[in-house]
Structures are given as C-alpha cells and as structure tokens.
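Some notes on the structure that comes next.
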Amino acid sequence: GRKSLFCAAGLAVLAVALASLCGCVRAARPVTATSTWFVDCDNTIETRDNVTDNQGRLCSRDKLNYYTGCCDAAEAHQHDCSRCKANECCDRYEHCVSCCMGTDAVDTYMTEPGVFKVALHPETGHWENRWDYCTGQCRTTPLGTMYENSYKDDFKFCYSKFPAPELTLGKLPADLKVVMGLRGQSCTTACRAKGMTCAPEHFEKINFCEIIQEHTDFRCRFCKIKAMQEIAGPVVQYMAGQEFFDGTCIQERQMDHFSCDQDISELYNRICPCV
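Counting with mature numbering (1 follows the signal peptide of the UniProt record, and there is no 0), you get residues -27 to -1, 1 to 248 for the letters of the sequence shown.
Quick look at the structure:
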C-alpha cells in the first residue's frame, strides 16, 4: 500500500513538472500574435530596427508600445510606401507590410483563384485576412531568386499577387528576343520564322527559368537544371491537366551543349536567342 502511495505521489509531481515545462515552452515560442504577447495590435515583432503593426503603422522600435503591441500613432507613418516600387516590391520587409496594408487592390488579390499562401502551391489554401496576406506575401520566396542562391533585385519583398521581383541581374540586350520554338524545332528554324537569326553567343543569357517565364509567359511548375546534350539549350516541356501552370522549365547545365541548329525530341519546345 505504501509503495503504491509513493508511486502515485511521484507520478503527480512528474505531471506537474511536465505541465510547467510545457507552459514555459509555449511562453518562449517566438510568435507574433496578440493572444500571446500584446493586448491590442499584432505586429512584425521579428524585424530589427522598425516595426509595422496591424493598422499599417510603421515606427521605430522605441516608438512601439510593448503592452498594446501598437506603434505610437503620433510618431508612426501609416501605409508607408516610401521604400517600394511601382511593381509592388520593397527593399524592407516592414515597409512592404505597411504599404500592403494600405493598398486597396490587396482585397482583390486575396480573392484571386490563383493566389495561395505559398505562391504557386494550391494545396496551401488562400489567405483569410489582409494582415495575414501582407505579412505572409511580403516574405521572400524562391520566385525572387536566381537559382535560389541570389536575389533578382534588392527590392525583394513583394505584396503583389505573384511576388516576383524585377529581374535586374540579367538584363538582356535591347535587340535580343527570346523565342519559343515549336515542338522539336531547332532554334535556327524558330528564329527564321520570326524573320530573325539565332545568336548562339546569347544562349548563356537566356538559360534561366526566370528569363523563360518573363519573356515567353510560360508558367513553370518546376525549374530543372540538367546536362542534356540532346536539348542543346534551355527548353520547356508542357504538362497536361495543369490549371495554374504550363509545365516544366529546363536549363542546360553544360554551355558547350548550346547549338542553334540541333533538332530535338518533340517532347520539348526550345527557347531561342534571336536577333
């Protein structure tokens, strides 16, 4: 009987200890929710120097009320777009959120059938309110990178429907046109059909999924990088049954494979540099 009593007491102490530990873990969790830390406003608490609250007010950290979670209205800038460009991309996250909160078009963006919590991923669902949209959409995504290891532009925080910054790292020559050939068609033939000539020295400049998307309007579901001598340069492959995408974009890994003249499998459409 005494042994059972000691066991029961020990289990009770253990349960209390575990409950206390769980409470500490919850309290320390770095979330930006009014239900956890603030009584009135949610805000971009994770940003270092400046903060934007859910009224769209942007302020320095010393002007944030850490009890209410709100910026001091007298010291804040509401719906500040001073660090954003016309393409709805900004060079600071907190400025992106502030500008987004004051943009009427955002309500339309949220209802677009092709706009999801994670860009180009329908399985993630749709945004439910403007604050969640702005704080989520303004975060950087692979759409804003080249090869996912460098940003296309310093203005990389975007609240647009499809948050893709302007491609400033790979500006093409003014006389260069990116042409998609017919299936299996060589670039020599594809360029000639447009009254132009294939320029092999420019293959390297167009060998990016981002270039393909921007200049042909082909919507890449996947971006692959392969050494495939039989494709002789960047190609696309259409996929059936895709509502929001057209198919796969493929970049050529080996520069010595580039060729204007090579015909390829009818599985692919070549992407050609024409002048």
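We put the beta carbon where it would ideally sit given N, CA and C, even for glycine.
Closest to residue i by C-alpha separation, out of the options, would be which residue?
{"i": "Pro173", "options": "Arg165, Cys160 and Cys182", "result": "Cys160"}
{"i": "Asp80", "options": "Asp127, Lys134, Glu216 and Val12", "result": "Lys134"}
{"i": "Gln51", "options": "Phe181, Arg30 and Ala163", "result": "Arg30"}
{"i": "Arg194", "options": "Tyr40, Ala92 and Ile237", "result": "Ala92"}
{"i": "Leu155", "options": "Ala147, Thr17, Pro146 and Arg165", "result": "Arg165"}
For residue i, name the three-state secondary structure that DSSP assigns.
{"i": "His52", "result": "coil"}
{"i": "Gln210", "result": "strand"}
{"i": "Tyr246", "result": "Sequence check: residue 246 is Pro here, not Tyr. The answer is strand: DSSP assigns Pro246 an E or B state."}
{"i": "Met83", "result": "helix"}
{"i": "Lys36", "result": "helix"}
{"i": "Phe89", "result": "coil"}
{"i": "Phe130", "result": "strand"}
{"i": "Glu225", "result": "strand"}
{"i": "Gly98", "result": "coil"}
{"i": "Ile179", "result": "helix"}
{"i": "Ile198", "result": "strand"}
{"i": "Asp26", "result": "strand"}
Please report the straight-line C-alpha distance between residue i and residue j, rounded to a whole angstrom.
{"i": "Tyr211", "j": "Cys111", "result": "30 Å"}
{"i": "Arg34", "j": "Cys54", "result": "19 Å"}
{"i": "Gln215", "j": "Asn38", "result": "48 Å"}
{"i": "Asp236", "j": "His68", "result": "49 Å"}
{"i": "Thr189", "j": "Gly75", "result": "32 Å"}
{"i": "Val151", "j": "Ile185", "result": "8 Å"}
Below 7 Å CB to CB, which residues in the same chain sit around residue i once its five sequence neighbours on both sides are set aside?
{"i": "Phe176", "result": "Gly206, Phe231 and Pro246"}
{"i": "Glu48", "result": "Cys32 and Lys36"}
Using a Cβ-Cβ cutoff of less than 6 Å, which residues in the same chain neighbour residue i once the five nearest sequence positions on both sides are dropped?
{"i": "Tyr82", "result": "Val88 and Lys134"}
By Cβ distance below 8 Å, which residues in the same chain neighbour residue i in space, the five residues on each side in sequence not counted?
{"i": "Asp219", "result": "Phe191, Arg192, Cys193, Arg194, Val209, Tyr211 and Met212"}
Answer yes if the stretch 85 to 93 comes into contact with the stretch 55 to 63, meaning at least three C-beta pairs across the two stretches below 8 Å, and no otherwise. No: the two stretches stay apart, fewer than three of their Cβ pairs being nearer than 8 Å.
Segment contact, 8 Å Cβ cut-off, at least three pairs: the stretch 157 to 172 with the stretch 98 to 113: Touching, no, given that fewer than three Cβ pairs across the two stretches are closer than 8 Å.
Count Cβ pairs between the stretch 208 to 222 and the stretch 236 to 244 that sit closer than 8 Å; are there 3 or more? yes
Using 8 Å as the threshold, is the stretch 126 to 141 in touch with the stretch 218 to 231, meaning 3 or more CB pairs across them? Judged by Cβ distances under 8 Å, the stretch 126 to 141 makes no contact with the stretch 218 to 231, as fewer than three pairs qualify.
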